[in-house]
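In the numbering used here, the protein residues as written are 2 to 286. Quick reminder that beta carbons are idealized off the backbone N, C-alpha and C, glycines included.
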């Protein structure tokens, strides 16, 4: 292998959250995971304005070159103003469909808004649509969607469940597919955050699932890798001003995407542990 191949392999491991070569203690892969208690939000994190919060979250997500964001863009301001005005999930869908501040809209085939019942008690948020999602206009379609359905089904959850306590409502941070399936960049995160935060505020889920490192970093406003973010319940709290009158923290858990599992089946064990933690939380709450 040449140097570029080694660099590419290392970057792939970083992208999927494998940022630690060794753990501090031995791991028994056959043991049932210990279920940690709900980790409350850090009280020191105050609310900030939409543009500032978007920039912080985009930077924390580390999705692309930071030079693409030079402060709060006009598009981000317009997105925030629009998000403040909508008062229902359907009006949010219409607002995003009519919004031209995200250039990806011009290259995507379909807008990918959501799937499932918006009254569901569980809301799952991915990063961005892939090729199958772009063709079907539905989040987590194709092989990724089939695997996600199996993952959710392993603990009795489903995007089609009639029981709202077991139903999962699904969406993405970004509603348009990036060309070639590339990662989101900070500018796209900045513009999209007001929409996804308003989406969460309108649905009012009992618990959130952040699927993918980009989603977890942006919505938890964290720079930690997935190996640190996953595996424990955290509090998501809206930081963008003007989207909620009385913002309340929502329990959230981060896990790997189905696409990452298809590329690295060894991570299925970690996702299973995450699902067990989520199941335990749901049983206790």
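The three-state secondary structure of residue 235, taken from DSSP, is strand. Counting only residues of its own chain and dropping the five nearest sequence neighbours on each side, residue 132 has a CB closer than 8 Å to the CB of 143, 178, 182. Residue nearest to residue 245 within the set 126, 272, 201, 269 is 201 (criterion: CA-CA distance).
For residue 108, the enclosing alpha helix (DSSP H) stretches over residues 105–108. Ranked by Cα distance from residue 238, the first of 276, 261, 198 is 198. Take the alpha-carbon of residue 174 and the one of residue 194: they are about 7 Å apart. Residue 282 sits in a helix when the DSSP states are folded into three classes. Per DSSP, the continuous beta strand (DSSP E) segment holding residue 255 begins and ends at 251–256. Residue environment: residue 93 is assigned as buried (16 or more neighbouring CB atoms within 10 Å of its CB, all protein chains considered). Within the segment 161–222, the complete alpha helix (DSSP H) segments at least 4 residues long are 187–204, 214–220, listed from N- to C-terminus.
Annotation for residue 156: no alpha helix (DSSP H) segment contains it, and DSSP assigns it neither H nor E.
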